[in-house]
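J.: Chains as they are written, first to last, in our numbering: chain S, 221 to 520; chain A, 221 to 520.
1) Which residues in the same chain as residue 478 of chain S place their Cβ atom closer than 8 angstroms to its Cβ, once the five residues preceding and following it in sequence are excluded?
2) Taking buried to mean at least 16 other C-beta atoms within 10 Å of its own C-beta, is residue 265 of chain S buried or exposed?
3) Between the alpha carbons of residue 257 of chain A and residue 447 of chain A, how many angstroms are there, rounded?
4) Among A:280, A:238, A:251, A:482, which residue has its Cα nearest to the Cα of residue 508 of chain A?
5) Find the residues of chain A that neighbour residue 381 of chain S, judging by a C-beta separation of less than 7 angstroms, and give them in chain order.
6) So, residue 340 of chain A versus residue 375 of chain S, is the Cβ gap smaller than 7 angstroms?
7) Pull up the distance between the alpha-carbon of residue 496 of chain S and that of residue 367 of chain A, whole angstroms please.
8) Compute the Euclidean distance between the alpha carbons of residue 422 of chain A and residue 370 of chain A, then round it to the nearest angstrom.
9) Closer than 7 angstroms, Cβ to Cβ, to anything on chain S: give me those residues from the stretch 275-302 of chain A, in chain order.
10) Does the Cβ-Cβ distance between residue 490 of chain S and residue 441 of chain S come in under 7 angstroms?
11) Consult DSSP for residue 376 of chain S and reduce its assignment to one of helix, strand or coil.
12) Would you say residue 333 of chain S and residue 255 of chain S are within 7 angstroms of each other, going by their C-beta atoms?
13) Can you tell which of S:430, S:444, S:424, S:412 has its C-alpha closest to the C-alpha of residue 436 of chain S?
14) Taking just the CA atoms, how far does residue 343 of chain A sit from residue 380 of chain A?
15) Under a Cβ-count criterion, where at least 16 other Cβ atoms within 10 Å of its own Cβ denotes burial, should residue 392 of chain A be classed as buried or exposed?
16) Looking at C-alpha atoms only, which residue of A:311, A:517, A:324, A:245 is the closest neighbour of residue 267 of chain A?
17) Tell me which residues of the stretch 327-348 of chain A have at least one Cβ-Cβ distance to chain S shorter than 7 angstroms, keeping chain order.
18) Please classify residue 298 of chain S: is it buried, with 16 or more other beta-carbons within 10 angstroms of its beta-carbon, or exposed?
19) Check whether chain S comes within 7 angstroms of residue 375 of chain A, counting only Cβ atoms and requiring the distance to be less than that.
20) I want to see whether chain S comes within less than 7 angstroms of residue 368 of chain A, judged by CB atoms only; does it?
21) For residue 249 of chain S and residue 445 of chain A, I'd like the C-alpha separation in whole angstroms.
22) Give the interface partners of residue 364 of chain S over in chain A, defined as CB-CB distance under 7 angstroms, in chain order.
23) Anyone know if the C-beta pair for residue 336 of chain A and residue 384 of chain S falls short of 7 angstroms?
24) Identify the contact partners of residue 511 of chain A in chain S, using a Cβ-Cβ distance below 7 angstroms as the criterion.
25) Within 7 angstroms of any Cβ in chain S, is that where the Cβ of residue 313 of chain A sits?
26) So for residue 258 of chain S, helix, strand or coil by DSSP?
27) If I measure Cβ to Cβ from residue 261 of chain A and keep anything under 8 angstroms in the same chain, skipping five residues before and after, which residues do I get?
28) Please report whether the beta-carbon of residue 491 of chain A lies at a distance below 7 angstroms from any beta-carbon of chain S.
29) Which value, in whole angstroms, describes the spacing of the CA atoms of residue 504 of chain A and residue 431 of chain A?
30) Exposed or buried, which one is residue 427 of chain S when buried takes at least 16 other CB atoms within 10 Å?
31) Tell me whether residue 223 of chain S sits in a helix, a strand or coil according to DSSP, three-state version.
32) Per DSSP, residue 252 of chain A is paired with what?
33) If I measure Cβ to Cβ from residue 514 of chain S and keep anything under 7 angstroms in the same chain, skipping five residues before and after, which residues do I get?
34) Within a Cβ cutoff of 6 angstroms, which residues of the same chain sit near residue 501 of chain S, ignoring the five residues on either side of it in sequence?
35) Comparing C-alpha positions only, which one of S:276, S:295, S:286, S:235 sits nearest to residue 269 of chain S?
36) In chain S, what lies closer than 9 angstroms to residue 412 of chain A by C-beta?
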């Protein structure tokens, strides 16, 4: 059985686990606000890769934790990711009609409902993480630390800060420092947080947490560089987005600043550094290792 | 010294307290995302009444708590309120150019930044409530319960659900049941939560919490009815909004369903019920009593 086959089965099993949990955790909105329910579910179950929740569960496993205990937080990470995609796609932002091969949220439900569905998914993420009865075995102080970590990563010093810098950089010449500012925040912050909170929830010690933080920081940046590369050369049928859309929009990307070849080299280097950061872990970190390699090989 | 004078001084003192705390708690975004910092501060310090934080502090006092300990949560409530106003004003929603007498956020910073500033304020609210070092004296389990309460009130079953129902009801005939659905959620849920979390943080017992919940539910609905009335007959210079904007937009309001006189009567009745719910409290609830009466008398 090859490594590749193992990963495919693993990813499928984990996606199923996350999808079932998301279905169970999502509140059902009825009555005059039922359209909100449809809009939230539409984007949440639009075929996402579930990378962030899978990383969170894998990090919990790597430090000897029970991935089942981390499921609510893992699902909250995916809700936040989904809200960010809905808002990014809006006409006032990237103005995308299509995501993962299907119409974007505002194309189906209208801009007003799309804005509110994003707001609601962000809010429900925090509602889910504070549902004490779902994480009875975990000390409340630890859950508070996790909520804080996720909020900082998703907030104005993290993901939203990166998104603002990205929007502001369109059609202006951007240096490597600004590119780094954007990428480490826009995608990197939440990927790093996904790894860290999985470990935090399981009571990881400082040494393991430091190693996993280096791992998460490196794969976060590698993930965004590969995203940039796929945007230039990817197959529209696989990525579900128009190839070259970043270029036509004047977006700052790794290939636009460093060129394709150097971007590929840099991503490979980051993945190697992520693997070396967790070299001291035993086979409990196998999933994290496979996920890091998978980031370089992904086509969408 | 008349009651009225006391209230004015009290409100001013509390507004100052909340404003100073908000300034201290707000993260400072620098570098390429600095515009986000300006956009968040612009709306947060645009002269809001700070009703929700003041209610939260007053409820803490009513059950013998230290309002200082409730300040972070009180400020988080105001951040959530501010985010909801920024998003409500967007062209895809109410399309308002003016709020509190000054241009709305998207008019100054653009739609993209306004959406992100709203997202960021919502996220920072949860970041603030999970900052353990600001609430060292409060048991972590209690803080988790407060975060949960705020998230549910602000989420798809609360404020956002109400907003969706409101947007969906425009230009259609709406019955009293739908009107009630909208008003109890859109404004009522967060006003109720403001009162409840102030009490919860201070370790209120179930009996006090029940009484304060009745108080909060009634003033929440009264507040929205008065808002509707002011929209019909208010002075544009005082409310900062165009009078009659709800009518021209086909919005469902209390006056449009019940008429002005019946709306006024109903608001007065709700305020009486809120006062009677807390009649068992001593003078520690004086502020809550004055605030309830103030809701009927307000001009903006």
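We treat Cβ as the ideally placed atom computed from N, Cα and C, and that holds for glycine.
T.: In brief:
1) Numbered from its first residue, the first chain carries residue 478 of chain S at position 258. Closer than 8 angstroms at Cβ, skipping near neighbours: 396, 486.
2) Working through the first chain from its first residue, we reach residue 265 of chain S at position 45. Exposed.
3) The count along the second chain starts at 1 and reaches residue 257 of chain A at position 37. The count along the second chain starts at 1 and reaches residue 447 of chain A at position 227. So the alpha carbons of these two residues sit roughly 30 angstroms apart.
4) The residue given as residue 508 of chain A occupies position 288 in the second chain. It is A:280.
5) As a working mapping, residue 381 of chain S is identified with position 161 in the first chain. Under the 7 angstroms cutoff, chain A gives 249, 253, 256.
6) Here residue 340 of chain A refers to the residue found at position 120 when the second chain is read from its first residue. Here residue 375 of chain S refers to the residue found at position 155 when the first chain is read from its first residue. Yes.
7) On the first chain, position 276 is the one that residue 496 of chain S refers to. On the second chain, position 147 is the one that residue 367 of chain A refers to. Approximately 38 angstroms between the Cα atoms of the pair.
8) Against the second chain, residue 422 of chain A aligns to sequence position 202. Against the second chain, residue 370 of chain A aligns to sequence position 150. Roughly 16 angstroms separates the two Cα atoms.
9) none
10) If you number the first chain from 1, residue 490 of chain S lands on position 270. If you number the first chain from 1, residue 441 of chain S lands on position 221. Yes.
11) In the first chain, the residue the question calls residue 376 of chain S occupies position 156. Coil at residue 376 of chain S, not helix or strand.
12) Reading the first chain from its first residue, position 113 is the one you call residue 333 of chain S. Reading the first chain from its first residue, position 35 is the one you call residue 255 of chain S. Result yes, Cβ atoms of residue 333 of chain S and residue 255 of chain S sit closer than 7 angstroms.
13) Stepping through the first chain from its first residue, residue 436 of chain S is reached at position 216. Looking at the Cα atoms, S:412 is the closest of the given residues.
14) The sequence position of residue 380 of chain A within the second chain is 160, counting from 1. The sequence position of residue 343 of chain A within the second chain is 123, counting from 1. Per the coordinates, the alpha-carbon of residue 380 of chain A lies some 15 angstroms from the alpha-carbon of residue 343 of chain A.
15) Start at 1 with the first residue of the second chain, and residue 392 of chain A comes out as number 172. Exposed is the call here.
16) As a working mapping, residue 267 of chain A is identified with position 47 in the second chain. Nearest C-alpha to residue 267 of chain A: A:324.
17) 331, 332, 333, 335, 336, 339, 340, 342, 343, 344, 346, 347
18) Position 78 of the first chain holds residue 298 of chain S. With 16 or more other Cβ atoms within 10 Å, it is buried.
19) Counted from its first residue, the second chain places residue 375 of chain A at position 155. Cβ-Cβ to chain S under 7 angstroms: yes for residue 375 of chain A.
20) By one-based count along the second chain, residue 368 of chain A stands at place 148. Cβ-Cβ to chain S under 7 angstroms: yes for residue 368 of chain A.
21) Looking up residue 249 of chain S in the first chain gives position 29. Looking up residue 445 of chain A in the second chain gives position 225. Taking the straight line joining both Cα atoms gives about 24 angstroms.
22) Position 144 of the first chain, counted from the first residue, corresponds to residue 364 of chain S. Result: 350, 352, 360, 363, 364.
23) By 1-based counting over the second chain, the position of residue 336 of chain A is 116. By 1-based counting over the first chain, the position of residue 384 of chain S is 164. In contact: residue 336 of chain A and residue 384 of chain S (Cβ atoms closer than 7 angstroms).
24) What you label residue 511 of chain A is simply residue 291 of the second chain in a count that begins at 1. Chain S residues near residue 511 of chain A: none, gap ~26 angstroms exceeds 7 angstroms.
25) The count along the second chain starts at 1 and reaches residue 313 of chain A at position 93. So yes, residue 313 of chain A belongs to the interface.
26) Residue numbering aside, residue 258 of chain S sits at position 38 when the first chain is read from its first letter. It is helical.
27) Here the question's residue 261 of chain A lines up with position 41 in the second chain. Here the set comprises 246.
28) Position 271 of the second chain, counted from the start, is the residue given in the question as residue 491 of chain A. Chain S contact via Cβ: absent.
29) One-based indexing of the second chain puts residue 504 of chain A at position 284. One-based indexing of the second chain puts residue 431 of chain A at position 211. Cα to Cα, the separation comes out at about 14 angstroms.
30) The residue you call residue 427 of chain S lines up with position 207 of the first chain. Residue 427 of chain S should be labelled exposed.
31) Working through the first chain from its first residue, we reach residue 223 of chain S at position 3. A caution first: residue 223 of chain S carries a pLDDT of 48, below 50, which makes its placement in the model unreliable, though a value can still be read off. Three-state result, residue 223 of chain S: helix.
32) Working through the second chain from its first residue, we reach residue 252 of chain A at position 32. In the DSSP output, where bridge partners are listed per residue, residue 252 of chain A has none listed.
33) The count along the first chain starts at 1 and reaches residue 514 of chain S at position 294. Result list for residue 514 of chain S: 227, in chain order.
34) The residue given as residue 501 of chain S occupies position 281 in the first chain. Non-local beta-carbon contacts of residue 501 of chain S in its own chain, meaning distances under 6 angstroms to residues more than five positions away in sequence, involve 282 in chain order.
35) The residue you call residue 269 of chain S lines up with position 49 of the first chain. When only C-alpha atoms are compared, the closest one is S:235.
36) Stepping through the second chain from its first residue, residue 412 of chain A is reached at position 192. Those do not exist, as residue 412 of chain A stays about 16 angstroms from chain S at its closest Cβ, beyond 9 angstroms.
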